[in-house]
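Novice:
Protein chains: 2
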Amino acid sequence: MSKKPIFEKLALIGIGLIGSSISHVVRREGLVGSISVSSRSEKTLTRAKELGLGDEYAASAADAVKDADCVIHCAPVGAGAAIAEAIAPELKPGAIVTDVGSVKASVIAQMKPHMPKGVHFIAGHPVAGTEYSGPDAGFASLFENRWTILTPEDDVDRDALATLTKFWQACGANVETMDATHHDLVLAVTSHIPQLISYNIVDTAANLETVTQSEVMKYSAGGFRDFTRLAASDPTMWRDVCLHNKSAVLEILGRFSEDLTAMQRAIRWGDGDALFEIFTRTRHIRKDIIAVGQEIDAPNFGRDEPGE
Amino acid sequence: MSKKPIFEKLALIGIGLIGSSISHVVRREGLVGSISVSSRSEKTLTRAKELGLGDEYAASAADAVKDADCVIHCAPVGAGAAIAEAIAPELKPGAIVTDVGSVKASVIAQMKPHMPKGVHFIAGHPVAGTEYSGPDAGFASLFENRWTILTPEDDVDRDALATLTKFWQACGANVETMDATHHDLVLAVTSHIPQLISYNIVDTAANLETVTQSEVMKYSAGGFRDFTRLAASDPTMWRDVCLHNKSAVLEILGRFSEDLTAMQRAIRWGDGDALFEIFTRTRHIRKDIIAVGQEIDAPNFGRDEPGE
């Protein structure tokens, strides 16, 4: 490896989809000298070893962070306080501590109070993922062309922020900084509500007395199958997101329900013009998302490989 | 073309995604002697000519169906009555008249009363599509491995039903028969509600004062982008589906909202166990859909081409 690593030692606390993807990309790009991996789950840690995701492995987060220049909390967001408390006594002065959770205000509230003086805590969130989870799910290109949001506070160390920004950029991501509360509202819209809606519709379909499960599956290409992707995501991760981003999630869910009720009323009263207007104005948004490089334009996400 | 065509002459009334896909596949498989195409829209008909989707073209449906052995109504479901009335005097005795709409009871009610004696009307629905529409959107493999549902009534001519079944199978589809009312309920679940939910969430996201459109797009990989696919579908088609499958759509929408309210309450009261339980039981459904061949197992629908 010819270029100088950004961190001599990186500690990954939790080694699921995001943790293992970080391991793959930092190795490919030569971004760190060595990786220590910890997981609360013995099974996960054993699998991480088999996959060679780290250079050292530790059952406890406290052991994993010793001498680490950067520590990334990659466990579900609800674990933030316990991890912060456990690792605090072992953190190296000057180390950067960050995370990858989909909720930021709660993670800051959980972790920052435990951070020793001289340790730089900056919460972060790579907006990337798949419906798969666990140490086998990671791949090096996960962050490529996706956005990582950092939510530094006013007292942030500028050098530490620059280093962490450089790290994520080297992982392939675009980096944006944002206020934590605003992040939580934005992600409620672009991630948490879509996730909840998906879980909900899949659950509704699973609980009908009049339509069989076999029918739901056979005719899922009518649109339903799209929702099953998000609804296959890690339950622990998403439970924690809901519980730790309660107010933003409830606010956006309230909006969604209000709009849905209006749509329901338009259907009941046969107001075709109102429906046509909504269905028309939503159409361009996909084109815009494709234009900014966050989606592909192949029909059906390209999954059906259409062709003559 | 060595094998005998199933129909000497096929008439396609409407030449959007489904009509043009039928044209491509029947040509590839040699299923018909010739194709006549009609569209109410001059622009669409001109484009169909440019694409060579038919052998004859007619501005009126009545002209297109002359001498046709099979007539397929491929226009939005709301056009059924007008099309049936227009074509009735010109239909060839013994012809099969069918459709491809996502609602069946309404199409039968609109079309069947106009059918002359000796003409065989059998409503149908290929459960397949993409978010693209118009004569350019079609491709020959659209129906491959998907299901086509036929909803014959008790007085159906068995030979006509067998012929239409053979036709769809030759287009690559699996064929199932079902009661029209049951079809409409099943499709409300697997297609109409997913479609409405997608339109609704994209519209909710587009109308927030506190989150910019640029933010919605940049961070759409958090899940939102999945919904924009369905929300980019043809507005006319979907307006008609909502208006013509009102009772089933309202029933399933009611269920969905009820379940969503329960989920919202669990979030408000911090009931993590209830959330975890829902999020866990929805997980297996995707695996089952993959197992029955209606979805692929690549992460993110394969669109991000992950790989080391």
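For the record, the sequence lines run as chains A and B. Note that the first sequence ends on residue 408 in this note's numbering; no numbers are left out. Note that the second sequence ends on residue 408 in this note's numbering; no numbers are left out. Every residue gets a Cβ at the ideal spot worked out from N, C-alpha and C, and that includes glycine.
Mind pulling the chain A residues with CB within less than 7 Å of Leu-353/B?
Specialist: Ordered by position in chain A, the residues that pass the 7 Å Cβ test against Leu-353/B are Gln-364.
Novice: Distance cutoff 7 Å, beta carbons only. Does Ile-396/B sit that close to anything in chain A?
Specialist: Yes - at least one Cβ of chain A is within 7 Å of the one on Ile-396/B.
Novice: Taking 7 Å as the threshold (beta carbon to beta carbon), is Asp-326/B in contact with chain C?
Specialist: Considering every chain present, this structure includes no chain C. Its protein chains are A and B.
Novice: On the three-state DSSP scale, how would you describe Trp-369/A?
Specialist: Coil.
Novice: Any idea if Ser-314/A is buried or exposed, counting beta-carbon neighbours within 10 angstroms, 16 or more meaning buried?
Specialist: Ser-314/A comes out exposed.
Novice: Is there at least one Cβ from chain A nearer than 7 Å to Gln-210/B's Cβ?
Specialist: Gln-210/B does not count as touching chain A.
Novice: If contact means a Cβ-Cβ distance below 7 Å, which residues of the stretch 310-321 of chain B contact chain A?
Specialist: Within the stretch 310-321 of chain B, the qualifying residues are Thr-310, Val-311, Glu-315, Val-316, Met-317, Lys-318, Tyr-319, Ser-320 and Ala-321.
Novice: Residues of the stretch 249-260 of chain B with a CB closer than 8 Å to any CB of chain A: list them in chain order, please.
Specialist: Correct list: Ile-249.
Novice: List the residues of chain B that Lys-346/A touches, going by C-beta distances under 8 Å, in chain order.
Specialist: Going along chain B in sequence order, the residues near Lys-346/A (Cβ under 8 Å) are Ile-367, Arg-368 and Gly-370.
Novice: Could you name the residues of the same chain whose beta carbon sits closer than 6 Å to that of Ala-237/B, not counting the 5 residues immediately before and after it, in chain order?
Specialist: Result list for Ala-237/B: Leu-117, in chain order.
Novice: What are the start and end residues of each continuous beta strand (DSSP E) run of 3 or more residues lying completely inside the stretch 243-289 of chain A, in chain order?
Specialist: Correct list: 247-250 and 274-277.
Novice: With a threshold of 16 other CB atoms inside 10 Å of the CB of Asp-373/A, please say whether the residue is buried or exposed.
Specialist: Label assigned to Asp-373/A: exposed.
Novice: For Asn-307/B, is the classification buried or exposed, using 16 other Cβ atoms within 10 angstroms of its Cβ as the cut-off for buried?
Specialist: Exposed, by the Cβ-count rule.
Novice: State the Cα-Cα distance for the pair Ile-396/B and Lys-387/B, rounded to the nearest angstrom.
Specialist: Each residue's Cα considered, the two are about 9 Å apart.
Novice: Looking at the secondary structure, which residues open and close the alpha helix (DSSP H) in which Ser-206/A lies?
Specialist: Looking at the DSSP string, the run of the alpha helix (DSSP H) that includes Ser-206/A is 205-211.
Novice: Reducing DSSP to helix, strand and coil, say where Glu-309/A ends up.
Specialist: Three-state DSSP puts Glu-309/A in coil, outside helix and strand.
Novice: Any beta-carbon of chain A closer than 7 Å to the one on Phe-267/B?
Specialist: So no, Phe-267/B is outside the interface.
Novice: Could you have a look at Tyr-157/B and say whether DSSP puts it in helix, strand or coil?
Specialist: Looking at Tyr-157/B - three-state DSSP - the assignment turns out to be strand.
Novice: How many Å lie between Thr-328/B and Leu-112/A at the Cα?
Specialist: Roughly 34 Å between the two C-alpha positions.
Novice: In the DSSP assignment, find the unbroken alpha helix (DSSP H) run with Cys-342/A in it and report its ends.
Specialist: Note, Cys-342/A: alpha helix (DSSP H), 335-344.
Novice: Quick one: what does DSSP say Phe-239/B is sitting in, helix, strand or coil?
Specialist: In this structure, Phe-239/B counts as coil in the three-state DSSP scheme.
Novice: From Val-207/B, Tyr-299/B, Phe-376/B and Ser-291/B, pick the residue whose C-alpha is nearest to that of Val-177/B; which is it?
Specialist: Checked all of Val-207/B, Tyr-299/B, Phe-376/B and Ser-291/B; the closest Cα to Val-177/B is Val-207/B.
Novice: Would you mind stating whether Trp-268/B and Lys-318/A have Cβ atoms separated by less than 7 Å?
Specialist: For Trp-268/B and Lys-318/A, no; Cβs fall outside 7 Å.
Novice: May I have the straight-line CA-CA distance separating Phe-324/B from Ser-333/A, to the nearest angstrom?
Specialist: Taking the straight line from one Cα to the other gives about 14 Å.
Novice: What's the gap between the Cα of Ala-168/A and the Cα of Ile-222/A?
Specialist: If you take the alpha carbons of Ala-168/A and Ile-222/A, they lie about 15 Å apart.
Novice: Can you list the residues of chain A that Ser-136/B reaches, using a CB-CB cut of under 8 Å?
Specialist: Correct list: empty, because the minimum Cβ distance to chain A is about 22 Å.
Novice: Hey, how far is the Cα of Gly-407/A from the Cα of Gly-229/B?
Specialist: Here the model assigns Gly-407/A a pLDDT of 42, short of 50, so the residue's position is not dependable, and the following value carries that caveat. Roughly 14 Å between the two C-alpha positions.
Novice: Hey, would you say Ala-331/B sits closer than 7 Å to Tyr-299/B, going by beta carbons?
Specialist: Taking 7 Å as the Cβ cut-off, Ala-331/B and Tyr-299/B qualify as a contacting pair.
Novice: Among the candidates Ala-288/A, Ile-352/A and Ser-347/A, whose CA atom is the shortest distance from the CA of Gly-322/B?
Specialist: Residue Ala-288/A is the option with its Cα nearest to Gly-322/B.
Novice: Is Lys-104/B helix, strand or coil when you go by DSSP?
Specialist: Of the three classes helix, strand and coil, the one that applies to Lys-104/B here is coil, per DSSP.
Novice: If you run the structure through DSSP and keep just helix, strand and coil, what is Thr-144/A?
Specialist: Residue state, collapsed to three classes: helix.
Novice: Who are the near neighbours of Thr-265/A in its chain, counting only those whose CB is closer than 6 Å to its CB and skipping five residues on each side?
Specialist: Hits under 6 Å: Val-275.
Novice: Who are the near neighbours of Asp-155/B in its chain, counting only those whose CB is closer than 8 Å to its CB and skipping five residues on each side?
Specialist: Around Asp-155/B: Ser-134, Ile-135 and Ser-136.
Novice: Taking 7 Å as the CB-CB limit, is Cys-342/A close to chain B?
Specialist: Yes, contact with chain B.
Novice: In the structure shown, what three-state DSSP assignment does Ser-139/B receive?
Specialist: Looking at Ser-139/B - three-state DSSP - the assignment turns out to be coil, as it is neither helix nor strand.
Novice: Pairs of beta-carbons, one from the stretch 199-206 of chain B and one from the stretch 334-349 of chain B, closer than 8 Å: are there three or more?
Specialist: Yes, since at least three Cβ pairs between the stretch 199-206 of chain B and the stretch 334-349 of chain B fall closer than 8 Å, the two stretches touch.
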